[in-house]
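First the structure, in the form of structure tokens, and then the observations on it.
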Amino acid sequence: MPKAVAAPSTFTTRPRPQLRPQSTPQPRSSHNSRYEMSVDSSPKPTPPLPIRAGAASTPPDSPPFPAARAPSPPAPATPVSVPSPAPSESPRRSPRDSSVESLLALLHSRRRGLLLDATEQHAVRLTEAQYHTLHKSIAKDKALKAWVDDQGRYDWIPDSGGAGGTFVLRMPSPKHDSFARSVDIYIQRQIDKIRTKERPGIVDEIREAVKRIHGTGTSDARLGDTAKVSADAAYTVEGRARPLVVIEVAYSQNISAIKDSKAPLCIRHGSNVVVAFDLHYEKPADRRNAAAPSASSAAYTIYRADRFEENGVAKVAMEAAVEDVDFLANHAGALQLSLSDFFPENQVPMGAADVHIEIPHLSLEGFLSTAEAQQQTYDANAASPIREFVGSRKRRASLDQQLHNSSFESEPPEDNPTAPGDNTAEAGDSQSSYAPSIGVAGPTKRAKHHADDEAEDS
1 MPKAVAAPST
11 FTTRPRPQLR
21 PQSTPQPRSS
31 HNSRYEMSVD
41 SSPKPTPPLP
51 IRAGAASTPP
61 DSPPFPAARA
71 PSPPAPATPV
81 SVPSPAPSES
91 PRRSPRDSSV
101 ESLLALLHSR
111 RRGLLLDATE
121 QHAVRLTEAQ
131 YHTLHKSIAK
141 DKALKAWVDD
151 QGRYDWIPDS
161 GGAGGTFVLR
171 MPSPKHDSFA
181 RSVDIYIQRQ
191 IDKIRTKERP
201 GIVDEIREAV
211 KRIHGTGTSD
221 ARLGDTAKVS
231 ADAAYTVEGR
241 ARPLVVIEVA
251 YSQNISAIKD
261 SKAPLCIRHG
271 SNVVVAFDLH
281 YEKPADRRNA
291 AAPSASSAAY
301 TIYRADRFEE
311 NGVAKVAMEA
321 AVEDVDFLAN
331 HAGALQLSLS
341 DFFPENQVPM
351 GAADVHIEIP
361 HLSLEGFLST
371 AEAQQQTYDA
381 NAASPIREFV
391 GSRKRRASLD
401 QQLHNSSFES
411 EPPEDNPTAP
421 GDNTAEAGDS
431 QSSYAPSIGV
441 AGPTKRAKHH
451 ADDEAEDS
């Protein structure tokens, strides 16, 4: 390995001084150390650890009297040695770090039903690499992937810069799901009334167009290449994958998360309307310890898409058509949607904007009362004792098999005459003497005993 040339700013060329035998090489050692630092600080690309082997491969020149100096070891106070390499850095952690591991553990626990007292929503910041690592880890576990695809509800809200995003895992409670389902069913029924001519005053063109509307439930909606939301209810038309009307119930999640992230994301990717309900939330521990249910509060906001062109560029803005409407305090009102909200902008049938779908506030209050009652039942049942599980048993024989076996066990001897006057089978018949008059073998006492045991077990 050729010697490195010292930087002009550090050293100047001058005649090498003659060293005496008793001199120590301390100055050269310090010069050599500074030389290595200057090389390390140069703009050349450097490996993770500084390469210091060059000092050992090119030691200082020997003094003029090598015979006198060779046997003696270096002075203990100022040893001539190559600086020891820096301690090796700990291996860099893979993208599957604590954030990914905690989410995987959370998903496994949720799948096994072990999170009764846990917070019903978890939001975790992830980098793009961590998000992909999480997906790969889920895909490797077939049981977990099947559960996530079927029941897992989560949103991935990417940052505007694209460096990462927020992973929101939602574990809805009965109050949340019951209310959202009631709203969904009510809207579906209103659409069905238009489709089936149960609602008068609707032209045939609109009725035919309404047949294309269908609800997507809580299925995932992929927005763009990376974003994904799991709506509480959504509606679209045939031939379109993205939702046009989105229903969101903010119970465990903060309403600001819908207003600031989720609703704009849906509007930006083609949704016409996002209806956001804000329900009063209590943590599981607070609900369990409360002496009585706390006073409820409930409101809704309707966000609409405002599409326009500016300097030849198609743009969309989100505006709040109505905001923070308290349907518990205003019984006379109604949540109102337009039938045109359920169609793409270029497929709205003539007159659909004048057809409204309304949910009276009294109906919303009834949905909430039912949901709260289900939540109270759920919380009370979650704390109730259960029987100790002792493992599985061998399946018992069916009742038919028991009857078949007992019919042979209960046959009387052939020489046993039947009593005169009994309504039994004729002599020589294979049926038991205990057979009823209708000619069908009835259950014996043993079979009845087994049947009674079966009834008690059930």
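Counting with UniProt numbering, you get residues 1 to 458 for the letters of the sequence shown.
All residues carry an ideal CB built from backbone N, CA and C; glycine is no exception.
Helix, strand or coil at residue i [DSSP, three-state]
i, result
"G215", "strand"
"A317", "strand"
"I202", "coil"
"A241", "coil"
"R189", "helix"
"S392", "coil"
"E208", "helix"
"F342", "helix"
"H176", "helix"
"N381", "helix"
"R181", "helix"
"K197", "coil"
"S430", "With a pLDDT of 46 at S430, under the threshold of 50, the modelled position of this residue cannot be trusted, and the question is left open."
"V100", "helix"
"D260", "helix"
"H366", "Note that residue 366 corresponds to Gly in the displayed sequence, not to His. Note: G366 maps to helix in three-state DSSP."
"A352", "helix"
"L328", "coil"
Endpoints, the alpha helix (DSSP H) within which residue i is located
i, result
"S137", "E128 to K140"
"P264", "A263 to R268"
Distance, residue j Cα to residue i Cα
i, j, result
"H214", "E208", "13 Å"
"S432", "K394", "Its pLDDT being 45, under 50, S432 is placed unreliably in this model, and the coordinates cannot settle the point."
"I359", "S102", "41 Å"
"Q190", "I357", "7 Å"
"V325", "Y154", "27 Å"
"I187", "E345", "20 Å"
"R240", "F389", "48 Å"
"A298", "A329", "9 Å"
"V148", "V275", "25 Å"
"V229", "Y300", "20 Å"
"G333", "H361", "6 Å"
"D429", "R387", "Only weak support is given to the placement of D429: the predicted model assigns it a pLDDT of 48, under 50, and the question is left unresolved by the model."
"I267", "K197", "32 Å"
"S296", "L337", "25 Å"
"K140", "G161", "29 Å"
"L335", "H269", "24 Å"
"E323", "N311", "31 Å"
Limits of the beta strand (DSSP E) - the one that residue i falls within
i, result
"R304", "A298 to E310"
"F277", "V273 to L279"
"L335", "A334 to S338"
"E358", "H356 to P360"
Contact set for residue i: own chain, Cβ-Cβ below 6 Å, skip 5 residues either direction
i, result
"Y251", "H176, L279 and Y281"
"K193", "R199"
"A234", "T216, P243 and V246"
"I157", "G165, T166 and S261"
"A371", "K175, S178 and F179"
"L339", "A352 and V355"
"E238", "R212"
"L364", "F327"
"V273", "V245, R304 and D341"
"D184", "A233"
"L321", "For clarity, residue 321 is Ala in the given sequence; the question names Leu instead. Here the set comprises I302 and R304."
"L169", "H122 and Y154"
"R307", "V316"
"H331", "H361 and L362"
"F277", "V249 and Y300"
Proximal residues to residue i (C-beta, below 7 Å), its chain only, five neighbours per side dropped
i, result
"D232", "A180, T218, I247, E248 and V249"
"P264", "M318"
Residue(s) in a DSSP beta bridge with residue i
i, result
"L169", "H122 and Y154"
"Y235", "G215 and V245"
"residue 493", "Nothing can be reported for residue 493: it is not among the residues displayed for the chain, which extend from 1 to 458."
"V322", "I302"
"A250", "D278"
Residues near residue i by beta carbon distance below 8 Å, same chain, minus five either side
i, result
"S99", "V124, R125, L126 and Q130"
"E205", "P349, M350 and G351"
Residue-chain proximity (residue i, chain B), Cβ-Cβ < 8 Å
i, result
"R268", "Reference to chain B is not applicable here, since this structure consists of a single protein chain."
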